[in-house]
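Quick notes on the structure that follows.
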Amino acid sequence: LAQYQDPAVAAFSASMWNINLSLEVAKRVKEKFPDCLVVFGGPSVPIADIDTFFYEYPFVDVTVRGEGEHTFAELLMEFLETRNFQWVKGISYQFKGATYTNIGGRPLEENPDVFPSPYLEGVFDHILKSGLRGHAVVETSRGCPFTCSFCYWGRAEPCRFFRMERVKEIAEWCGQNKVEYVYCADSNFGMMQRDYEIAQYFVEAKAEYGYP
Numbered sequence: 009l010a011q012y013q014d015p016a017v018a019a020f021s022a023s024m025w026n027i028n029l030s031l032e033v034a035k036r037v038k039e040k041f042p043d044c045l046v047v048f049g050g051p052s053v054p055i056a057d058i059d060t061f062f063y064e065y066p067f068v069d070v071t072v073r074g075e076g077e078h079t080f081a082e083l084l085m086e087f088l089e090t091r092n093f094q095w096v097k098g099i100s101y102q103f104k105g106a107t108y109t110n111i112g113g114r115p116l117e118e119n120p121d122v123f124p125s126p127y128l129e130g131v132f133d134h135i136l137k138s139g140l141r142g143h144a145v146v147e148t149s150r151g152c153p154f155t156c157s158f159c160y161w162g163r164a165e166p167c168r169f170f171r172m173e174r175v176k177e178i179a180e181w182c183g184q185n186k187v188e189y190v191y192c193a194d195s196n197f198g199m200m201q202r203d204y205e206i207a208q209y210f211v212e213a214k215a216e217y218g219y220p
């Protein structure tokens, strides 16, 4: 936290592998910056019994249900303009000791390419310039055709695909920037015919650059 000075918003995407760490960091954020808006999304944020979640973690201000990009953007706009979240779809929030859940969900984005790639947009360029190297998490699709009840993806969510050209550019970016490891965040990579071609993109990047 030492590198931050009076942040306005702290946002966490919580999955089973980082939920405990995220909650601990969020707690310390709120202790050091009590006016900072703490937002949690991701598959490890509960949809049901949200009152218990807020009771156990009072330092969390807002939780986001489901796909979060449009919701988060709208939340930020309201935070800037009104700080009134009652019309933001897909969230629950705490206000003056009470918990509120906004009724109604937000439809899934049919075209995931409207969400920019942080790699291609240069979000991590400052880290790369420092000499640090890590791994990349890459989505080539969203959703799952199966409805397994034990899985968060199993909500009859349709498969939606990122453009092949975009995926190819990301593979090239990973090679050029010496990304050592790529983790595919798809639900069923290898099931679609196009997945073989995507694998070839990363093979070609490895052959040309030695990475990933």
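Sequential numbering of the sequence shown, starting at 9, is according to our numbering.
No residue lacks a Cβ here, since even glycine has one placed at the ideal position from N, Cα and C.
Note that this is a predicted model, so its numbers are computed, not measured.
Close Cβ partners of residue i (< 7 Å) along its chain, the five nearest in sequence each way excluded
| i | result |
| --- | --- |
| Phe41 | Asp14 and Pro15 |
| Ser125 | Arg174 and Ile178 |
Residues bridged to residue i (per DSSP)
| i | result |
| --- | --- |
| Thr71 | Phe48 and Ser100 |
| Glu20 | A small correction: the amino acid at residue 20 is Phe; Glu does not occupy that position in the sequence shown. In the DSSP output, where bridge partners are listed per residue, Phe20 has Phe48. |
| Phe169 | Ser149 |
| Cys192 | Val146 |
Candidates the options: closest to residue i by CA position
| i | options | result |
| --- | --- | --- |
| Ser138 | Asn185, Thr148 and Val68 | Asn185 |
| Asn110 | Ala81, Phe93, Pro120 and Glu118 | Phe93 |
| Ile58 | Val46, Ala18 and Thr107 | Thr107 |
| Phe169 | Lys214, Val46 and Val146 | Val146 |
| Ile27 | Val17, Phe61 and Asp194 | Phe61 |
| Ala215 | Pro166, Ser23, Pro115 and Ala179 | Ala179 |
| Asp194 | Val187, Val175 and Glu188 | Val175 |
| Glu212 | Tyr191, Val33, Asn196 and Trp181 | Trp181 |
| Asn119 | Arg36, Gly151, Val190 and Gly198 | Gly151 |
Where residue i falls, given that 16 or more other Cβ within 10 Å makes a residue buried
| i | result |
| --- | --- |
| Phe158 | exposed |
| Ala11 | Just to set this straight, residue 11 is Gln in the shown sequence, not Ala. So Gln11 ends up on the exposed side. |
| Val72 | buried |
| Lys104 | exposed |
| Asp121 | exposed |
| Asp69 | buried |
| Pro220 | buried |
| Thr148 | buried |
| Val131 | exposed |
Nonlocal neighbours in the same chain, by C-beta distance under 6 Å from residue i, ignoring five residues either side
| i | result |
| --- | --- |
| Glu77 | Phe123 |
| Val47 | Ala19 and Val70 |
Same chain, Cβ closer than 8 Å to residue i, five either side skipped, listed in chain order
| i | result |
| --- | --- |
| Leu84 | Val17 |
| Pro51 | Ala22, Ser23, Met24 and Tyr160 |
| Glu117 | Glu75, Glu77, His78, Phe123 and Arg168 |
| Val96 | Thr79, Glu82, Leu83, Glu86 and Asn110 |
Exercise for the section: Only counting runs of 4 or more residues, tell me where the alpha helix (DSSP H) segments fall wholly within the region 84-167, in order along the chain. Expected result: Taking only runs of at least 4 residues, the alpha helix (DSSP H) segments lying wholly in the region 84-167 are 133-137.
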